[in-house]
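Participant: Numbering (my numbering), first residue to last: 1086 to 1189.
No residue lacks a Cβ here, since even glycine has one placed at the ideal position from N, Cα and C.
Values in this document were obtained by computation on a predicted structure and should not be read as measured data.
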């Protein structure tokens, strides 16, 4: 939205980006691919819709989900519900172990 864009243009703003981990199968057409990026190139979601499908299939998870503090301040459910159309404010970190992925 226009107000979200205006907020992001301020010099003291940062965008926290939800980060995910792909845990599904490798690309079956790439049996002899030498690098991880090639082995997963065609199965990693490239769109919001594909990411949503990956999450529903439980092939994508919150990055470092076993470390309860690392991503706890990022509201993944809210982010998915916004469908990539809006930015929401983060008022406070849940803990001092938060490891956000930022765009400055």
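1. Three Cβ pairs or more, each shorter than 8 Å: is that satisfied between the segment 1113-1121 and the segment 1152-1159?
2. Work out the CA separation of residue 1125 and residue 1118 for me, nearest whole Å.
3. Would you kindly work out how many angstroms separate the C-alpha atoms of residue 1102 and residue 1131, rounded to a whole number?
4. Hey, could you find the ends of the alpha helix (DSSP H) residue 1055 is sitting in?
5. Mind pulling the beta strand (DSSP E) runs of 3 or more residues that sit fully within the segment 1127-1159?
6. Closest to residue 1180 by CA distance: which of 1109, 1187 and 1159 is it?
Facilitator: According to the structure shown:
1. No, because fewer than three Cβ pairs between the segment 1113-1121 and the segment 1152-1159 fall closer than 8 Å, the two stretches do not touch.
2. Position 33 of the chain shown, counting from 1, holds the residue named residue 1118. Position 40 of the chain shown, counting from 1, holds the residue named residue 1125. In this structure, the straight-line span from the alpha carbon of residue 1118 to that of residue 1125 is close to 9 Å.
3. Sequence index remark: in the chain shown, residue 1102 carries index 17 (1-based). Sequence index remark: in the chain shown, residue 1131 carries index 46 (1-based). Each residue's Cα considered, the two are about 15 Å apart.
4. As displayed, the chain neither begins before 1086 nor continues past 1189, which places residue 1055 out of reach and without an answer.
5. Within the segment 1127-1159, the complete beta strand (DSSP E) runs of at least 3 residues fall at 1145-1147.
6. Position 95 of the chain shown holds residue 1180. Answer by Cα proximity: 1159.
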